[in-house]
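In the UniProt record's numbering, the protein residues as written are 1 to 214.
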């Protein structure tokens with residue numbers, strides 16, 4: 001079951017999709033997409049279904065309004081502004097918590113690409129809300145000095161063949177209190193195929209099971 005959500009934030013309205021957990025409810029995992037992706041992405045929904053099977057609810061959020069997406073398609077300005085997107089994520093989480101009655105539910109963030117930096121910035125701003133973060137194929141260095149303020153245990157998942165991205169993730173992780181870095185063996189790109197996607201989902205499920213608790 002997928003429940004569509006509309007979230008009003010000031011003059012903007014953003015959209016999301018809530019996927020309740022299968023069976024035991026361990027908490028809520030919020031997906032923070034990278035550039036060019038959305039709540040409709042087959043890859044993201046496949047990962048969400050995998051985490052559902054582990055007992056997590058999944059919230060797929062698009063952080064731009066329809067009007068903002070049109071502007072961004074021409075200029076690329078919004079997708080590059082991780083500070084703006086992090087503020088939008090925090091506001092969206094606040095609205096979802098209040099509107100859906102989820103105030104007591106533990107939350108984990110799963111960010112990809114630039115979305116990883118957005119997730120980490122949000123985790124630094126609302127440590128009382130975010131219990132854990134998973135970054136996959138992420139650009140965490142874009143979170144800058146906020147990395148030192150993240151208290152949520154963070155897992156970095158990177159393609160083992162992407163030496164540049166692996167170095168960026170190791171450097172970011174070294175600034176943080178609680179972290180781990182894992183690689184996806186033999187993958188050309190973290191999102192490239194079903195096997196790789198399953199491996200990332202497995203890592204994320206294990207991390208969230210350990211750190212996102214009632």
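A virtual CB, placed ideally from N, CA and C, is assigned to each residue, including glycine.
Contacts around residue i, its chain only, beta-carbon distance under 6 Å, and the 5 residues preceding and following it disregarded
{"i": "residue 191", "result": "Residue confidence for residue 191 is low, a pLDDT of 48 falling below 50, so the modelled location carries little weight and cannot support an answer."}
{"i": "residue 126", "result": "90"}
{"i": "residue 158", "result": "165, 166, 169, 183"}
{"i": "residue 180", "result": "155"}
{"i": "residue 88", "result": "63"}
Residue of the options minimising C-alpha distance to residue i
{"i": "residue 186", "options": "180, 178, 195, 132", "result": "195"}
{"i": "residue 62", "options": "4, 26, 202", "result": "4"}
{"i": "residue 153", "options": "114, 51, 208", "result": "208"}
{"i": "residue 201", "options": "169, 1, 48", "result": "48"}
{"i": "residue 58", "options": "26, 129, 180", "result": "26"}
Spatial neighbours of residue i in its chain, beta-carbon cut-off 7 Å, leaving aside the 5 residues before and after
{"i": "residue 237", "result": "Coverage of the chain is limited to positions 1 through 214, which leaves residue 237 absent and any answer about it impossible."}
{"i": "residue 236", "result": "Because the chain in this structure spans residues 1 to 214, residue 236 falls outside the shown range and cannot be described."}
{"i": "residue 6", "result": "13, 15"}
Identity of the residues DSSP links to residue i by a beta bridge
{"i": "residue 181", "result": "156"}
{"i": "residue 7", "result": "14"}
Under the three-state DSSP convention, the category residue i falls into
{"i": "residue 174", "result": "coil"}
{"i": "residue 204", "result": "helix"}
{"i": "residue 16", "result": "strand"}
{"i": "residue 186", "result": "coil"}
Cβ-based neighbour list, residue i, same chain, cut-off 8 Å, excluding 5 preceding and 5 following
{"i": "residue 205", "result": "50, 51, 54, 56"}
{"i": "residue 95", "result": "7, 8, 9"}
Scan the UniProt domain "AB hydrolase-1" (28-140) and note each continuous alpha helix (DSSP H) run of 4 residues or more that stays entirely inside, going in chain order. List check, alpha helix (DSSP H) in window: 42-53, 66-75, 77-80, 82-99, 114-125.
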